[in-house]
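Read the structure below first, then the notes.
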DNA sequence: TTGTACGCGTTATCAC
DNA sequence: GTGATAACGCGTACAA
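Chains as they are written, first to last, in my numbering: chain A, 19 to 360; chain B, 19 to 360.
So, in structure tokens, the structure goes:
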């Protein structure tokens, strides 16, 4: 491999000059610069980033961990992350943690080994390795959280207003004349579940219907949605609307209803969450809450770069806009007036 | 940050010994080892991987490029890649190229800058940077291709038998009594399109029906599938079966049929390709070709490691098993006998 | 504007 | 079994 030394020799300048041509070209005379560049080209020189990193203590990499990269929600977020990182000159080290603590720790360790300049973790558990770093460096620690927000973590985060969104969904369901509504939650320990549940309950209370709000737990997957729906639909007094905390669970609910010959939206209304690509292609197209997935990803990168470049410290919480997308999976409930908004 | 030097000093040994405790503990006396380890623990020492890489010329990273990480097919492959890499002690640098030549080159350049030990590219275009490396190092170049296979590239690759799979699909459609079959292809320059088209045509020829085989082009996306289907379904003599070269296009086709009030599978049979997760949840569940996505990902990593560890050179082509998954989107065609396999 | 010289933190090769 | 010490390739303060 050709080094800066080879370039310098071939161009008849010192290593310093050759190096300068590549890092601060303006400091070097037009003519020498041209000569050096010509040699760089001819020899096919490429800077050894490892050596450069050792010198500068910057790697130009960030690690990003996700519970499941093949989940359509996360893969969109990751895409936003990759794009923003790439634009800023950073490379992305991808970690699929499968919600496994050990894997999470392993990726967090990369920070200690200086394999990356910062880390974005998508998930709600703060690895102890990161907690220690946070402890030591406080708000200047290059750690950012995405999608879920737990203020007590003390790290910056990008997310939507989950409670608000859930509340809107409930409001719209009540407006459509539904009274017996069921929730299909995510895992109980997820802040996502917590926030959305709070929002939904608040709406139910506002309408004096908290007593008729029921819930089943899932894990955001299609199968868990199907299972939960099967339970709910075989109740003595089944709900007329099911609000799932993920589109995948909503799709599972649709499948369960189909199997049970319950037609949607005539006999059962279904609402999802996220607005993944498939939401609009299932039958009936799914009413859901659109999360700006790519933007969430991009924003986490921005927050991290703010810390990395010393622009901004303190944990900042970025709330991005969501939007209720009305499609055809919601119909009028028993108390709906035909004139009500479809 | 604490360095090996600090550890050595605190433990009262030389840097060499301290370092040895971490890389070849068996060479160090029990007592000194324990002492050093205690200090490592107490000081919270973590090896600086950058310095280590500079010395060893190995980074422990591989770069993986995909056209679109949010595509359900690729995200599964990537998951397999991540898993296998992780197990082997490698980290994954993710590159989303969006089929953009410049981006592809940019990620390929990482090899020259020694940001990674090897590269896996999912896609069919060999970046010129890689071509140069291949030119120089021949079969020992740490470059592997996945999903698509073009022998002339001269790189190892993991994939299924695309032509064979397409042929099977056609055979099964003919057996079900279909004669007017339409293909929805991928981009014309893709080897995937080429191979599957060859397989489909071969089957048509075998049945003397090549004259009745028609085709439309798509780009593997849902929308392109819908567009293609709209064209096909408004033909004077529309096909009774549409074989799409991706599940997403098949889902688009299902949507087009629904809009046109053409019921599937009664009036139109649809077949997809890949068996992405959603394939079984759309209505009707999609008959498709299952690709072992995660295994393809894992295999590309194995192939790369073979090269990296000098176990195997020469371009090897790994053909993984696929399987035709029969679900409900295919029904009997005009020439089908009721007794035929459903 | 250019060159000299040092150090980044490891690992590996020698001696002892 | 342990210790000196020389690379690895680069960036940059400082001197010229």
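Glycine residues also receive a C-beta, built at the ideal position from the N, C-alpha and C atoms.
Among the options, the one whose alpha carbon lies nearest that of residue i
{"i": "residue 289/B", "options": "298/B, 278/B, 268/B", "result": "268/B"}
{"i": "residue 204/A", "options": "81/A, 245/A, 276/A, 108/A", "result": "245/A"}
{"i": "residue 266/B", "options": "236/B, 226/B, 49/B", "result": "236/B"}
{"i": "residue 274/B", "options": "207/B, 144/B, 247/B", "result": "247/B"}
{"i": "residue 133/A", "options": "82/A, 77/A, 43/A, 255/A", "result": "77/A"}
{"i": "residue 58/B", "options": "102/B, 25/B, 170/B, 113/B", "result": "25/B"}
{"i": "residue 184/B", "options": "23/B, 343/B, 22/B", "result": "343/B"}
{"i": "residue 339/A", "options": "260/A, 346/A, 181/A", "result": "181/A"}
{"i": "residue 319/B", "options": "105/B, 258/B, 45/B", "result": "105/B"}
{"i": "residue 166/B", "options": "346/B, 102/B, 336/B, 347/B", "result": "336/B"}
{"i": "residue 286/A", "options": "150/A, 202/A, 355/A, 260/A", "result": "260/A"}
{"i": "residue 199/A", "options": "151/A, 44/A, 33/A, 353/A", "result": "353/A"}
{"i": "residue 215/A", "options": "233/A, 225/A, 226/A", "result": "233/A"}
{"i": "residue 143/B", "options": "155/B, 321/B, 131/B, 117/B", "result": "117/B"}
{"i": "residue 257/B", "options": "51/B, 191/B, 225/B", "result": "191/B"}
{"i": "residue 284/B", "options": "350/B, 68/B, 89/B", "result": "350/B"}
{"i": "residue 209/A", "options": "226/A, 164/A, 230/A", "result": "164/A"}
Endpoints, alpha helix (DSSP H) assigned at residue i
{"i": "residue 151/A", "result": "146 to 155"}
{"i": "residue 47/B", "result": "No alpha helix (DSSP H) holds residue 47/B; DSSP gives it neither H nor E."}
{"i": "residue 298/B", "result": "That residue, residue 298/B, is in no alpha helix (DSSP H); it is neither H nor E in DSSP."}
{"i": "residue 180/A", "result": "180 to 193"}
{"i": "residue 361/A", "result": "This structure does not reach residue 361/A, given that chain A is present from 19 up to 360, and the question cannot be answered."}
{"i": "residue 27/A", "result": "22 to 29"}
{"i": "residue 72/B", "result": "67 to 74"}
Extent of the continuous beta strand (DSSP E) run through residue i
{"i": "residue 163/A", "result": "161 to 164"}
{"i": "residue 253/B", "result": "Note, residue 253/B: premise wrong, no beta strand (DSSP E); not H, not E."}
{"i": "residue 361/A", "result": "The requested residue 361/A is not part of the displayed model; chain A covers only 19 to 360."}
{"i": "residue 137/B", "result": "136 to 140"}
{"i": "residue 87/B", "result": "Here residue 87/B belongs to no beta strand (DSSP E), and DSSP marks it neither H nor E."}
{"i": "residue 343/B", "result": "341 to 343"}
Cut-off 7 Å between Cβ atoms - residues of its own chain near residue i, not counting five sequence neighbours on either side
{"i": "residue 333/B", "result": "157, 172, 173, 174"}
{"i": "residue 61/B", "result": "20, 24, 25, 28"}
{"i": "residue 153/A", "result": "none"}
{"i": "residue 53/B", "result": "29"}
{"i": "residue 108/A", "result": "78, 79, 80"}
{"i": "residue 300/A", "result": "269, 272"}
{"i": "residue 249/B", "result": "234"}
{"i": "residue 324/A", "result": "330"}
{"i": "residue 255/B", "result": "198"}
Own chain residues within Cβ distance below 8 Å of residue i, not counting five before or after
{"i": "residue 228/A", "result": "219, 222"}
{"i": "residue 127/B", "result": "147"}
{"i": "residue 87/A", "result": "93, 96, 112, 114"}
{"i": "residue 355/A", "result": "195"}
{"i": "residue 298/A", "result": "304, 345"}
{"i": "residue 46/A", "result": "35, 38, 39, 54"}
{"i": "residue 135/A", "result": "76, 77, 78, 79, 80, 108, 160, 326"}
Those residues which DSSP pairs with residue i across a bridge
{"i": "residue 270/A", "result": "Residue 270/A is not bridged to any residue."}
{"i": "residue 174/B", "result": "162/B"}
{"i": "residue 110/B", "result": "112/A, 80/B"}
{"i": "residue 105/A", "result": "BP columns for residue 105/A are empty, so no partner."}
{"i": "residue 131/B", "result": "Beta-bridge pairing links residue 131/B to no other residue."}
{"i": "residue 200/A", "result": "232/A, 260/A"}
{"i": "residue 292/A", "result": "308/A"}
{"i": "residue 335/B", "result": "175/B"}
{"i": "residue 287/B", "result": "259/B"}
Close Cβ partners of residue i (< 6 Å) along its chain, the five nearest in sequence each way excluded
{"i": "residue 141/A", "result": "85"}
{"i": "residue 129/A", "result": "137"}
{"i": "residue 63/A", "result": "20, 25"}
{"i": "residue 123/A", "result": "145, 147"}
Stretch pair the region 234 to 242 of chain B + the region 187 to 199 of chain B: three plus CB contacts closer than 8 Å: no
Closer than 8 Å is the cut-off here; do at least three beta carbon pairs connect the region 97 to 116 of chain B with the region 314 to 321 of chain B? Under the 8 Å Cβ criterion, the region 97 to 116 of chain B counts as touching the region 314 to 321 of chain B, having at least three qualifying pairs.
Does the region 295 to 311 of chain B come within contact of the region 176 to 189 of chain B, defined as at least 3 CB pairs closer than 8 Å? yes
Inter-stretch contact at 8 Å, needing at least 3 Cβ pairs: the region 250 to 265 of chain B / the region 291 to 301 of chain B: Contact holds: three or more Cβ-Cβ distances are below 8 Å.
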